[in-house]
Amino acid sequence: MTSDNKVQVAAGENHSAALAVDGRLLCWGRGKYGALGQGDFSSCQLPAVVRSLQGVPLVQVACGGNHTLAMTASGAVYSWGAGGSGQLGLGAFDNTCRPNLVRGALADTRAVQVAAGLRHSLALAACNKVFVWGAGDQGQLGQGQGRTQAQPSPLALPPGALPDLPVLFIAAGQSQHTV
Numbered sequence: 001m002t003s004d005n006k007v008q009v010a011a012g013e014n015h016s017a018a019l020a021v022d023g024r025l026l027c028w029g030r031g032k033y034g035a036l037g038q039g040d041f042s043s044c045q046l047p048a049v050v051r052s053l054q055g056v057p058l059v060q061v062a063c064g065g066n067h068t069l070a071m072t073a074s075g076a077v078y079s080w081g082a083g084g085s086g087q088l089g090l091g092a093f094d095n096t097c098r099p100n101l102v103r104g105a106l107a108d109t110r111a112v113q114v115a116a117g118l119r120h121s122l123a124l125a126a127c128n129k130v131f132v133w134g135a136g137d138q139g140q141l142g143q144g145q146g147r148t149q150a151q152p153s154p155l156a157l158p159p160g161a162l163p164d165l166p167v168l169f170i171a172a173g174q175s176q177h178t179v
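Taking full-length UniProt numbering, the leading residue of the sequence shown gets 1, the next gets one more, and so forth.
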């Protein structure tokens, strides 16, 4: 790997990503399901630039089990890779090998952080809301229904469940939990 002065790295179950100072996103590892965002499902042993996002001002990357999220400076979220549990937030349960803009409830919201778990994803919005999507069978979406959802929705906890304090950080475990 060249000395691109990385600003952030992320590791999923089978792939890794690095965001360079100049905004280029590099991915490598197992490409099954399209997690590398290269337009195909092949693996890559060396870091390779995600060409379809070149010129997009990225500020954060998160790797899930076999999917990837990237957030832009303006708070837009892109996703790609395994989608069988709805973790891409694209309204379907398909795998995709190219970055796609996550819309739905996030369309008019500015994300300030993203997190990716094994089969679920999260976004923290500037308005202090947490948006969740993907597998919910183990309660990892915090919605209480134990269901899977293919589009982002705001976390809706019962009144009094948590103190009314600002959310500063979100994390999605590589298993089936969220904090």
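Ideal Cβ placement from N, Cα and C applies to all residues, glycine included.
For Ala92, the secondary structure class from DSSP, reduced to helix, strand or coil, is coil. Across the structure, Ser43 and His15 are spaced so that their CA atoms are roughly 9 Å apart. Cβ neighbours of Leu53 within its own chain (closer than 6 Å, five residues either side excluded): Leu25, Pro99.
Contact annotation: the region 69-80 touches the region 96-113, with at least three C-beta pairs closer than 8 Å.
Ranking Gln145, Leu122, Val50, Gln140 by CA distance to the CA of Gly34 puts Val50 first. Residue state for Arg51 is assigned as helix, using DSSP reduced to three classes.
DSSP links Thr72 through a beta bridge to Leu58.
Shown here, Gly83 sits in coil according to DSSP, grouped into three states, outside any helix or strand. Shown here, Ala105 sits in a helix according to DSSP, grouped into three states. For Val179, there is no enclosing beta strand (DSSP E), since its DSSP letter is neither H nor E.
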